[in-house]
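**Student:**
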Amino acid sequence: MTVKPISILFLGAENTARSIMAEASMRHHGGERFCAFSAGIHPMGRVHPLTLDILWDHNLIDSDLRSKSWSEFSGPKTPSLDAVVSVCEAFPSETGFKWCGNPVLAQWKVEDPTEAVGSEAAMRQQFQNAFKRIDMRVRLLTSMLSHSVDRATFQKQLQAIGQRHPEIDGALPA
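Here the sequence shown stands for residues 69 to 242, where the numbers follow our numbering.
In structure tokens form, the structure reads like this:
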């Protein structure tokens, strides 16, 4: 018996860094159990070069990765979503978007590395830190979630992963 993959949209502000990282990480760690997408509230239309560098360093480069608008996931021919996870400051229910399906909504706030200032090395470190936070959350989700979980439990698990975790956030500089 084939089980339908859990489809998750990672929502970012510009879809240039955090949401792209989450999509790539979920595609890698989620295997066939998950179907990952990303989109931006105000997409830039390009992926930040440091995002691509970090993903390359972790062997997560995917030719499908591109900056796109949330509107690609709101029409009649879009995939039905099981979850929308915001990695930025906007909570999915506050956006007013109409998602295909009846997804659970969660927020995993991660500091935006594209706002980093300083040397190239300092900026790269911010991107690396953001990736580690996102990747650890994705790994946690893929390790704890099963298809047999009910909607309310799924919502609680997604939200809990988004809260500050010493094992995720405490191990990295702010």
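Each residue gets a CB set at the ideal place from its N, CA and C atoms; glycine is no exception. Given the structure is predicted, the values throughout are model-derived calculations rather than measurements.
Take the Cβ of residue 219 as the centre, count every other Cβ of all protein chains shown within 10 Å, and call the residue buried at 16 or more, exposed below.
**Tutor:** Looking at its Cβ environment, which holds fewer than 16 other Cβ atoms inside 10 Å, residue 219 is exposed.
**Student:** From 132, 194, 179, pick the residue whose C-alpha is nearest to that of residue 186; which is it?
**Tutor:** The residue with the shortest Cα to Cα distance from residue 186 is 194.
**Student:** Here's a check: name, in chain order, each residue in its chain whose Cβ is nearer than 7 Å to the Cβ of residue 242, leaving out the five neighbours to either side.
**Tutor:** Per-residue confidence for residue 242 stands at a pLDDT of 48, beneath the threshold of 50, marking its modelled position as unreliable; no derived number is given.
**Student:** Determine the DSSP secondary structure at residue 78, reduced to helix, strand or coil.
**Tutor:** DSSP places residue 78 in strand when its eight states are reduced to three.
**Student:** According to the neighbour-count rule (16 or more other Cβ atoms, all chains shown, within 10 Å of its Cβ), is residue 106 buried or exposed?
**Tutor:** Counting Cβ neighbours within 10 Å, residue 106 comes out buried, since at least 16 surround it.
**Student:** Looking at the unbroken alpha helix (DSSP H) that takes in residue 185, where does it start and where does it end?
**Tutor:** Element bounds for residue 185: n/a, residue is neither H nor E.
**Student:** Counting C-beta neighbours from all protein chains within 10 Å, is the total for residue 110 16 or more, i.e. buried, or is it exposed?
**Tutor:** Label assigned to residue 110: exposed.
**Student:** Using 10 angstroms around the beta-carbon of residue 135, count the other beta-carbons present and answer buried if the total reaches 16, otherwise exposed.
**Tutor:** With 16 or more other Cβ atoms within 10 Å, it is buried.
**Student:** Does the segment 173–187 touch the segment 96–105, meaning 3 or more C-beta pairs lie closer than 8 Å?
**Tutor:** Flag = no, the segment 96–105 and the segment 173–187 do not touch.
**Student:** With a threshold of 16 other CB atoms inside 10 Å of the CB of residue 56, please say whether the residue is buried or exposed.
**Tutor:** Nothing about residue 56 can be reported from this structure: the residues present for the chain run from 69 to 242 only.
**Student:** Is residue 173 helix, strand or coil when you go by DSSP?
**Tutor:** The answer is strand: DSSP assigns residue 173 an E or B state.
**Student:** From residue 144 to residue 102, what distance separates their C-alpha atoms?
**Tutor:** Answer to the nearest angstrom: the Cα atoms are 21 Å apart.
**Student:** Do residue 152 and residue 35 count as a contact pair if the criterion is CB distance below 7 Å?
**Tutor:** Outside the displayed span of the chain (69 to 242) sits residue 35, for which this structure offers no information.
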